[in-house]
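Engineer: Residue numbering for the sequence shown follows full-length UniProt numbering, beginning at 3 and increasing consecutively.
C-beta atoms are modelled at their ideal positions from N, C-alpha and C, and glycine is treated no differently.
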Amino acid sequence: AREVVLRSRPVGWPTPSDFELVERELPELEDGQVLVRNVVMSVDPYMRGRMSDAKSYAAPYELDKAMLGGAVGVVEQSRAEGFEPGDHVLHGLGWRDLAVVEARSAKVVDRTGAPASAYLGVLGMTGLTAYVGLTRIGALAPGDIVFVSGAAGAVGGVAGQLAKALGAARVVGSAGSDDKVAYVRDELGFDAAFNYHDGKVSRLLRDAAPDGIDVYFDNVGGEHLEAAIGALRLHGRVVICGAISAYNATEPQPGPKNLARLIQTRGRIEGFLVGDHQDLAAEYWGRATGWLADGSLRSRETFVDGLDHAVDAFLGLLHGENIGKMLVRL
Ligand code: NDP
3 AREVVLRSRP VGWPTPSDFE LVERELPELE DGQVLVRNVV MSVDPYMRGR MSDAKSYAAP
63 YELDKAMLGG AVGVVEQSRA EGFEPGDHVL HGLGWRDLAV VEARSAKVVD RTGAPASAYL
123 GVLGMTGLTA YVGLTRIGAL APGDIVFVSG AAGAVGGVAG QLAKALGAAR VVGSAGSDDK
183 VAYVRDELGF DAAFNYHDGK VSRLLRDAAP DGIDVYFDNV GGEHLEAAIG ALRLHGRVVI
243 CGAISAYNAT EPQPGPKNLA RLIQTRGRIE GFLVGDHQDL AAEYWGRATG WLADGSLRSR
303 ETFVDGLDHA VDAFLGLLHG ENIGKMLVRL
């Protein structure tokens with residue numbers, strides 16, 4: 003079997019030399035395990051955090067061991083009840099072609115309505131993240147004006163569309179290229195969008211949302227966060243989902259200088275981790291399946307082919323080369 007190991011902990015931006023694709027003998031299958039051939043794996047921004055050894059919510063990846071991450075594969079052999087050869091399963095042993103998976107940490111997925119890749123994106127962890135952030139943390143209400151950063155990405159693209167589906171009056175997005183801005187506006191149905199490279203985010207946001215915003219879904223942090231706080235309306239909510247602008251920083255980044263605006267607006271800022279909100283998974287899944295079927299939810303995916311290019315896919319994700327969910331087809 004082949005797998006991607008972490009050879010050194012990146013300082014600042016990761017480089018290909020921090021990783022290596024290696025051959026490894028697989029152990030014999032034991033009771034309760036299945037042998038899975040991965041067909042698609044996820045690369046995600048949170049993996050950058052696990053490459054460093056700073057204390058965080060997820061344990062750091064171990065050096066010289068295969069990295070971990072979401073994947074969907076086909077069962078080749080099974081020594082576990084409820085898992086048959088040919089089943090597609092979602093599990094956590096990505097970054098390798100073949101995996102010996104504990105059946106209790108795998109889930110058989112239904113592929114009649116959705117492709118396997120959907121379970122790593124719109125019907126998976128990233129889709130649920132958008133739903134939890136908007137509904138439970140952001141307390142989205144009909145008529146709200148919503149701003150989403152990282153709007154052409156996996157979480158952001160779903161968040162903006164869900165906001166529309168749930169009755170937001172106006173949804174504004176930001177992204178890092180004109181192509182992405184067009185995608186967000188024309189394909190995903192955001193009311194307005196801007197390229198954050200075009201000027202000061204506070205000005206771009208004011209032009210796109212002249213009446214201010216009720217909910218900010220933050221994937222980015224930094225200048226975006228300060229601009230959004232500056233645009234908050236009375237009882238506005240700021241949902242801290244991610245802060246990708248700082249993930250490769252070697253120094254702590256300066257925070258927003260305008261937090262006092264939360265006093266005037268009686269505003270609220272709250273972070274969350276999707277893993278704490280699995281109780282919403284079934285509800286989201288049911289609603290998302292309906293929205294996908296009636297066209298109110300669309301999802302693009304960007305595929306990179308081959309395990310030998312999985313690191314390129316991860317680095318590309320950090321550099322914004324994806325539209326929608328970034329995935330590796332094995
Ligand atoms: P995306 O699909 O959004 O991919 C990452 C995107 O980040 C890139 O495409 C790039 O788009 C953008 N980006 C990179 N650098 C910057 C920068 N300096 N400023 C602004 N944008 C930047 O990834 P996901 O949808 O998987 O994740 C989105 C966010 O959600 C991340 O911050 C992630 O950590 C977070 N997250 C949080 C979870 C939680 O439980 N709290 C769960 C899952 C994800 P562009 O070209 O527009 O710059």
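Around the C-beta of Tyr-59, are 16 or more other C-beta atoms found within 10 angstroms, so that it is buried, or is it exposed?
Structural biologist: Flag for Tyr-59 reads exposed.
Engineer: What three-state label does DSSP hand Gly-34 in the structure shown?
Structural biologist: It is coil, neither helix nor strand.
Engineer: Straight-line CA distance for Gly-51 to Leu-31?
Structural biologist: Roughly 31 Å separates the two Cα atoms.
Engineer: In chain order, what residues of the same chain lie with their CB nearer than 8 Å to the CB of Glu-272, ignoring the 5 residues before and after it?
Structural biologist: Excluding positions up to five away in sequence, the list reads Ile-139, Arg-239, Val-240, Val-241, Ile-242.
Engineer: Please state whether DSSP places Ser-19 in a helix, a strand or coil.
Structural biologist: Helix, per DSSP.
Engineer: Kindly list the residues whose CB is nearer than 8 Å to the CB of Asp-55, restricted to its own chain and excluding five residues on each side of it in sequence; keep chain order.
Structural biologist: Only Arg-11, Pro-62 meet the Cβ criterion.
Engineer: Using the three-state DSSP reduction, which class does Leu-282 fall into: helix, strand or coil?
Structural biologist: Leu-282 falls in the helix class under three-state DSSP.
Engineer: Tell me the DSSP bridge mates of Gln-79?
Structural biologist: According to DSSP, which records beta bridges pairwise, Gln-79 is partnered with Leu-37.
Engineer: Check each candidate in Asn-250, Thr-252, Arg-208 and name the one with the smallest Cα separation from Ile-231.
Structural biologist: Ile-231 has its Cα closest to that of Arg-208, out of Asn-250, Thr-252, Arg-208.
Engineer: Span of the beta strand (DSSP E) holding Lys-327?
Structural biologist: From DSSP, the beta strand (DSSP E) with Lys-327 extends over 327–331.
Engineer: Between Ala-3, Met-53, Glu-5, Gly-34, which has its C-alpha nearest Val-13's C-alpha?
Structural biologist: Of the listed residues, the one whose Cα sits closest to Val-13 is Met-53.
Engineer: State the Cα-Cα distance for the pair Asn-324 and Gly-159, rounded to the nearest angstrom.
Structural biologist: Using only the alpha carbons, I get a separation of about 12 Å.
Engineer: Going by the beta-carbon positions, is the gap between Gly-192 and Gly-162 smaller than 8 Å?
Structural biologist: The residue asked about is misnamed: residue 192 is Phe in this sequence, not Gly. Yes, the pair counts as a contact, with Cβ atoms nearer than the cut-off.
Engineer: Just verifying my parser: in three-state terms, what is the DSSP assignment at His-93?
Structural biologist: The answer is strand: DSSP assigns His-93 an E or B state.
Engineer: Say the cut is 7 Å; is the CB of Ile-247 nearer than that to a heavy atom of the ligand NDP?
Structural biologist: It should be pointed out that residue 247 corresponds to Ser in this sequence rather than to Ile. Because some heavy atom of the ligand NDP lies under 7 Å away, the Cβ of Ser-247 counts as near it: yes.
Engineer: What are the start and end residues of the alpha helix (DSSP H) that includes Gly-223?
Structural biologist: Note, Gly-223: premise wrong, no alpha helix (DSSP H); not H, not E.
Engineer: CB Asp-146 to CB Ala-167, shorter than 8 Å?
Structural biologist: It is not a contact, given that the beta carbons lie outside the stated cut-off.
Engineer: I'd like the list of long-range same chain contacts for Arg-9, defined as Cβ closer than 8 Å, with 5 residues on each side in sequence excluded.
Structural biologist: Ser-19, Asp-20, Phe-21, Glu-22, Leu-65, Asp-66, listed in sequence order.
Engineer: What are the boundary residues of the beta strand (DSSP E) that Asp-46 is part of?
Structural biologist: It is not in any beta strand (DSSP E) - Asp-46 carries neither H nor E in the DSSP assignment.
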